Amino acid sequence: MIRNRLIAASVAAAFAGTGMTLSSSAGAQGLEEIVVTARKVEETLQDAPVSVSAFSELAIQNLNILSVDDIARFTPGLSTSAYVGRRGDRPVIRGQSNVLAGVQFGVESGTAYFVDGVYWPGSIASLDMNSISRVEVIKGPQSALYGRNTYAGAINFVSRDPSNEFEGRASATAGRHDEYEATLSLSAPLIEDQLFFSVNGRLFEYGGEYYNQASGDKVGQERTKAISAVLTWQPNDAVQVRLRSAFGKDRDGFTPIFLWNSDQNNCAPGFRSNFYYRDWAALLTGQGLQYGTNENQYFCGTIPARPDLIDLDPNQVPLVGFERYQWLNSLAMDIDLGDSGYTLTAQGAYRTERDRYGFDSDFQSAPINIITTQQKNLVDDYSVELRLASPQDERLRWLAGVFLYDQDNDEIRITAANPFGAGLEPEIITGTRNQALFGLVEYDFSDAISGTLEARYAEERKDRIDPAFQGERTFYSFTPRATLAWELNPDLNLYGIIARGNKPGGLNGAQGAPSGRTTYEEETSTNFELGAKSVWLDGRMTANAALYYTRAKDVQLTTAVGSADGSSTTSIATNQGSADIWGLELEVQAAVTDNLIVGASYGWSRPRFTEGCDDFEYTLNSGGFLIPPLDQLTPEQRALCSIKGNRLPLSSEHQATLNARFTQELGRGFEWFVSGDLTYESSKFVQVHNRAKVGAATLLGMQLGIESDTLRISIYGRNLLDADSPVNATRWGDLRYNGIPVPPGIFNRAPAEVDGEAVDRGFLGPRAFFTTLRRGPSYGIQATWRF
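Right under this line is the structure:
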């Protein structure tokens, strides 16, 4: 019955915390299992033959998880590299990344977000975690059951269900750097045992901690207002209907970004260095025509944190920072078809997003007012999914479904005279349509061995209209996955997976026309995984491991290209390589005593290009020349563009976590607790060149407090070791030096060509990196009241 399954799942989730909390009845009973739905059916975390890290509502609280970045800290194999603050998420699972994801519309990260199983494109950084009852991070291709953009994995946020009795929760947080948060949750039956309602609200504000050297103002401010409501109707044991509506508003200031400029470049000498470009700043301040003095084209090494280099001009843009409205409405229905055991599930969702943003794209204040980004996006998408599942207690089980998805995005360039873009026509119109059939068949060969075959056939059409381009492409994919599971004994489960992954291609539009790359193709992968899930010490310890290998083809990379007249430079998506990815993930949780719980995890990945040719790699290795057409490359020239053996960007080789929580009774229904968590992530290369990188980060968090069934008060600390390695760095240009011909005829002093070979005199000038700073140490107090 639906109601019984929901009650069982909610009880397990309420007492579990990533498998790390004791059973509510007695410490000797060991760790409580979490119920997950990673394969679209309910099963315990330890029984699911797939690599999944799960966080219950209690774990979210105990680990002080506030965002997807915190989830990544505690999940081996998951890393995040936000593009510009909360506007662009770039989750990376098992090293499979894309630098343009979240930057250029239609370019996919390969890791998708879901809320209650509904696909959520774009950033999820401001999601209200106080309304979430469980998070599941499912690693490896999930295309068969989850669909588009799950090439490397999926992250599903499951919201809290309303209850059959009146209850509520209120919380407040006050922390360093003017960080404040207040949340309120209420739940009650409207009709006892049949109709339930809940509402969640959140106010969040963060004042920022770094200062803009150009204005003296703080940067990095964040504000969020969010409200969500859930209505659940269960007229009988066979039917459940769930309606959820969520609205959120974000308003952020300038992201704390600085430019690591071309004066710092220390490797790859050549023509694309500031030595060959004239200095705009000197020219505009009356110092005459000067040129740079550094002959190196690139920076090799770890980019340091330099808050003293934040130099953003707020007068260049009509809107300082970022503003976003998001509204999601979803409807889900589960029906048990009589006494047959068959279940019909239908769900649909409509999401709308409106955002405006503006930032100083040259990352330098006046007089260098060269490039700004100021844009408004109108995004609407909807999805519909229908599934029919056979009885789950049979030897042969199956599931079949159909999926439809549609998204439209209009990009409007805003101005100081019209900061809201009122009446302006979109400059770029893009759309994505996806329709798919999918299914699953599972068979128990014996009481211990079962096999599962999943598959999805999808058709995806992308279209784009911009001032100089109009076109569309349709991509077809078939993504099967086969799983063999073996229950060696009640405490040890083994599994093996073979799966095919697919990341759709797309359209570069007019930006790719000058180089003949208006479109890019699909990226595909073949994946192999072996896993083990085990329970030890009479249920007081769990240990899980996964070993995987991925062979990726037509890897989608970012390539810098110039316009037809050479007056501008941009980045497009291209297919330029193949890669092999090896990896290992380990997770251990143990109840050492009735009062002490510890957990540890480790992730290792080795994503390396086995072949590939990158345009700018050629520039770096050739001394500053433009790459000839690929079909005209000599063997010697092909060696200069080769990225074979290089690591995929934005991926860390090592991740490790260690956490512990100790509790002790105080009497009168209270206990005190202390917890700590230590996480490590190794350095990440900025681009395929494997030269510049952001450094490793070791983060320490702690909590100390008291709690009862109704009240919890704690003090907390985050990043207590003051890790200051930047969150992310992006290859850019130093626009003090650039190719604009002012005064007329003056570009730079590099020749146009040497011995018939064209010189790279890119519009963006010599290479530099805009770099996002990490938040420093913070601490505060939290209070939660349940009633």
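When the letters of the sequence shown are read in order and numbered with numbering that gives the first Met the number 0, they come out as residues 0 to 786. Every residue, glycine too, gets a C-beta built ideally from N, C-alpha and C. These numbers were taken from a predicted model, which means no experiment stands behind them.
Asn408 sits buried, since 16 or more C-beta atoms from the chains shown fall within 10 Å of its C-beta.
Annotation for Cys612: no beta strand (DSSP E) segment contains it, and DSSP assigns it neither H nor E.
Rounded to whole angstroms, the separation of the alpha carbons of His176 and Val106 is 35 Å.
The beta strand (DSSP E) runs of length 3 or more contained entirely in the region 517-597 are, from start to end of the chain, 522-535, 540-552, 555-561, 568-574, 576-590. A residue is called buried once 16 or more other Cβ atoms fall within 10 Å of its Cβ, and Thr709, having fewer, is exposed. Partner residues in a beta bridge of Asn61, as assigned by DSSP, do not exist. The three-state secondary structure of Ser651, taken from DSSP, is strand.
Around the beta carbon of Arg748, fewer than 16 other beta carbons lie within 10 angstroms, which makes this residue exposed. Every beta strand (DSSP E) of 3 residues or more that sits fully in the region 407-471 is shown, in chain order, as 427-443, 448-465. Inclusion of Ala542 and Thr557 in the CB contact set at 8 Å is not warranted, their separation being larger than that value. By a beta-carbon distance limit of 8 Å, Phe768 contacts Arg730. Their separation comes to about 6 Å.
Considered as a whole, the region 95-149 harbours 142-145 as its complete alpha helix (DSSP H) runs of no fewer than 4 residues, in chain order. Just so you know, the alpha carbons of Met128 and Ser66 end up roughly 7 Å apart. Around the beta carbon of Tyr275, 16 or more other beta carbons lie within 10 angstroms, which makes this residue buried.
The three-state reading of DSSP puts Ile497 in strand, counting E and B together. Here the alpha carbons of Trp485 and Leu529 stand approximately 11 Å from one another. Fewer than three pairs of CB atoms, one per stretch, sit closer than 8 Å, so the region 652-660 makes no contact with the region 612-620. The beta carbon of Glu458 is closer than 6 Å to those of Gln434, Tyr475 in its chain, skipping five residues each way along the sequence. Take Pro306, set aside five residues on each side of it, and the residues of its chain with a beta-carbon closer than 8 Å to its own are Tyr209, Tyr210, Pro255, Phe257, Leu772, in chain order. A Cβ-Cβ distance of about 10 Å is found for the pair Glu352 and Asp249, leaving them out of contact under the 8 Å criterion. The shortest C-alpha to C-alpha distance from Lys39 to any of Gly438, Ala171, Asp759 is the one to Gly438. Val693 places its beta carbon less than 8 Å from that of Ala728.
In the three-state scheme derived from DSSP, where H, G and I count as helix and E and B as strand, Gln325 is classed as strand. Under the Cβ criterion (8 Å, minimum of three pairs), the region 491-501 does not count as touching the region 464-472. Put simply, the region 778-785 does not touch the region 372-379. Fewer than three CB pairs are less than 8 Å apart. For Gln391, the three-state secondary structure derived from DSSP is coil. Judged by their CB atoms, Ser600 and Pro75 are nearer to each other than the 8 Å cut-off. Arg93 has its alpha-carbon roughly 9 Å from the corresponding atom of Thr549.
Around the CB of Phe165, fewer than 16 other CB atoms lie within 10 Å, so the residue is classed as exposed. Collapsing the DSSP output to three states places Phe203 in a strand. Considering only Leu57, Asp630, Leu308, the residue with the shortest C-alpha distance to Gly515 is Asp630.
The alpha-carbon of Phe196 is positioned some 13 Å away from that of Ser130. With respect to Ser261, Gly291 sits close: the two C-beta atoms are nearer than 8 Å. By the neighbour-count criterion, in which 16 or more other beta carbons inside 10 Å mark a residue as buried, Ala757 falls on the exposed side. Taking C-beta atoms under 8 Å as the contact rule, Ile70 and Val136 qualify, at a distance of about 7 Å.
Taking 8 Å as the cut-off, the Cβ atoms of Leu698 and Leu734 do not count as close.
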